[in-house]
Amino acid sequence: MLKPKRLRPGDKVAIVSLSRGMLGEDMFIHKYHIAKQRLERDFGLQVVCMENTLKGIDYLYAHPEARAADLMAAFRDPEIKAVFNSIGGDDTIRLLPYIDFDVLRDHPKIFTGFSDTTTNHFMMFKAGLVSYYGVSVMCNLAEYGGINEYTRNMIVNTLFEPKQTLDIPSAPYWHDDEDPRVMWCPENQNTPKPYHPEEIGYEVLQGSGVAEGELLGGCLDVFVELLGTSLWPPPDRWKGKILFVETSEEDMSCDALTWILRNLQAQGIFDAIHGIIVGKPARRSKYEPYKEVYRKVVGFEAGHPELPILYNVNFGHAEPIGVLPLGVRCRLDADRKALTLLEPATE
């Protein structure tokens with residue numbers, strides 16, 4: 016896997032809208048300006064906005080080729096060192112016909128985002144490029160009240176100052192979609208979301224010992240759009256991986272989660288991987304029920320009670336989130352309830 020170079024002050028970075036075009040709407044454009052100011056003031060970067068990024072929901076829905084063109088243009092530009100996606104959505108798969116994988120492969124650079132951006136990460140994986148699950152423009156870089164310390168530290172320690180090895184700790188606080196919402200509007204931009212003390216930390220649902228492998232995964236909701244396409248890795252590409260999965264704010268039922276996990280087993284993925292990392296659910300009411308689904312499908316139905324599953328990890332739709340680099344080796348230590356990157360996330 017090709018690993019892009021770390022970011023340094025003065026680097027040029029691009030903002031794109033590869034899924035829902037919310038960032039360009041009048042009610043949300045302030046989020047673009049917040050993120051731009053922070054990237055420039057706090058991190059010393061030069062921010063450019065690609066041609067179609069701010070054209071709004073209706074235009075970008077009607078023109079997936081325009082979204083893809085922005086991604087291709089950003090990767091072709093040798094001055095651009097990183098690409099930050101604005102937010103997720105539900106139709107990034109429509110960009111697939113317009114992607115030039117040679118361009119991605121020949122111009123490795125940092126790419127971030129989560130949720131529906133899972134599709135873009137699998138594009139990067141197909142091209143052989145390490146990418147970074149987490150950190151969207153609207154949710155994280157433009158977080159009201161400032162980027163939270165956990166997310167900021169993970170950004171610095173992966174994208175700017177990569178460590179030879181990096182322990183990924185459980186965040187000391189959390190927020191989910193069952194909290195009262197701080198609506199996205201200019202009047203609320205100085206109102207931080209309510210965080211709660213983390214009282215559980217990482218949990219081990221099953222398994223023991225140490226598992227190592229390259230990270231591969233994303234949002235389970237999006238997997239159903241990837242199955243059967245050229246983006247979905249064949250069984251041999253899963254061998255030895257650490258699978259990371261999370262669920263979106265759409266409140267996936269336990270039945271739906273069961274069906275998706277059964278599909279992964281039918282493909283032989285649980286026979287191939289070395290371990291599983293599960294993100295904190297977006298809704299606390301699903302915290303305990305989801306645990307039972309993973310134990311039932313992976314441990315009993317798939318016959319892999321030895322496969323370590325680390326639960327309640329900080330990535331995805333519950334906050335705060337970190338950065339998980341697809342294609343980078345990590346260690347899942349079930350006995351210590353610990354997660355560690357075994358190599359620098361960037362060059």
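Just so we're aligned, residue 16 is where the sequence shown starts under the numbering used here, counting upward by one. The beta carbon of each residue, even a glycine, is placed where N, CA and C say it ideally should be. These numbers were taken from a predicted model, which means no experiment stands behind them.
Comparing C-alpha positions only, which one of PHE140, THR134, ASP106 sits nearest to ASP117?
What you label residue 117 is simply residue 102 of the sequence shown in a count that begins at 1. Considering only PHE140, THR134, ASP106, the residue with the shortest C-alpha distance to ASP117 is PHE140.
Please confirm whether PHE292 and LEU347 have their CB atoms less than 8 Å apart.
Here residue 292 corresponds to residue number 277 of the sequence shown, with the count starting at 1. Here residue 347 corresponds to residue number 332 of the sequence shown, with the count starting at 1. Looking at the sequence shown, residue 292 is not Phe but Ile. Annotated as proximal: ILE292 and LEU347, with beta-carbon spacing under 8 Å.
How would you write the range of the beta strand (DSSP E) that PHE99 sits in, first residue to last?
In the sequence shown, counting from the first residue as 1, residue 99 sits at position 84. From DSSP, the beta strand (DSSP E) with PHE99 extends over 95 to 100.
In chain order, what residues of the same chain have a beta carbon less than 6 Å from the beta carbon of PRO123, not counting five sequence neighbours either side?
Locating residue 123 in the sequence shown gives position 108, counting from the first residue. Closer than 6 Å at Cβ, skipping near neighbours: LEU17, PRO19, LEU144.
Could you tell me how far apart the beta carbons of ASN155 and THR166 are, in whole angstroms, since I believe they sit closer than 8 Å?
On the sequence shown, position 140 is the one that residue 155 refers to. On the sequence shown, position 151 is the one that residue 166 refers to. THR166 and ASN155 do touch by the CB rule: their CB atoms are close to 6 Å apart, below 8 Å.
Around the Cβ of CYS345, are there at least 16 other Cβ atoms within 10 angstroms (buried) or fewer (exposed)?
For the purposes of this step, residue 345 is identified with residue 330 of the sequence shown, where counting begins at 1. By the C-beta density criterion, CYS345 is buried, having at least 16 other C-beta atoms within 10 angstroms.
From the DSSP output, read off the bridge partner residues of PRO340.
Translated into positions along the sequence shown, residue 340 becomes position 325. DSSP output for PRO340 lists TYR147 as bridge partner(s).
Please state whether the Cβ-Cβ distance between GLN72 and GLU40 is less than 8 Å.
Position 57 of the sequence shown, counting from 1, holds the residue named residue 72. Position 25 of the sequence shown, counting from 1, holds the residue named residue 40. In the sequence as displayed, the identity of residue 72 is Ile instead of Gln. Taking 8 Å as the cut-off, the beta carbon of ILE72 is found closer than this to the beta carbon of GLU40.
Taking the alpha-carbon positions, what's the ALA353 to HIS332 distance?
Locating residue 353 in the sequence shown gives position 338, where the first residue counts as 1. Locating residue 332 in the sequence shown gives position 317, where the first residue counts as 1. Their Cα atoms are separated by approximately 21 Å.
Output needed for THR107: all residues of its chain with C-beta closer than 7 Å, excluding positions within five of it in sequence on either side, in chain order.
As a first step, residue 107 is located in the sequence shown; it is residue number 92 there, counting from the start. Within the same chain, THR107 has close Cβ partners LEU33, SER34, ASP131, THR132, THR134, ASN135.
How long is the line joining the alpha carbons of MET138 and PHE315, rounded to whole angstroms?
By 1-based counting over the sequence shown, the position of residue 138 is 123. By 1-based counting over the sequence shown, the position of residue 315 is 300. Straight-line Cα distance between these residues: approximately 32 Å.
With C-beta atoms as the reference, is GLY128 less than 8 Å away from GLU229?
On the sequence shown, residue 128 is found 113 positions in, with the first residue counted as 1. On the sequence shown, residue 229 is found 214 positions in, with the first residue counted as 1. Contact: no.
Can you name the residues that DSSP bridges to TRP189?
In the sequence shown, residue 189 corresponds to position 174, counting from 1. Beta-bridge pairing links TRP189 to HIS211.
Pair within 8 Å by beta-carbon distance, ALA312 and GLN280:
As a first step, residue 312 is located in the sequence shown; it is residue number 297 there, counting from the start. As a first step, residue 280 is located in the sequence shown; it is residue number 265 there, counting from the start. The sequence shown places Val at residue 312, rather than the Ala named in the question. Their beta carbons are under 8 Å apart, which means VAL312 touches GLN280 by this criterion.
In three-state terms, what does DSSP make of VAL62?
As a working mapping, residue 62 is identified with position 47 in the sequence shown. Strand.
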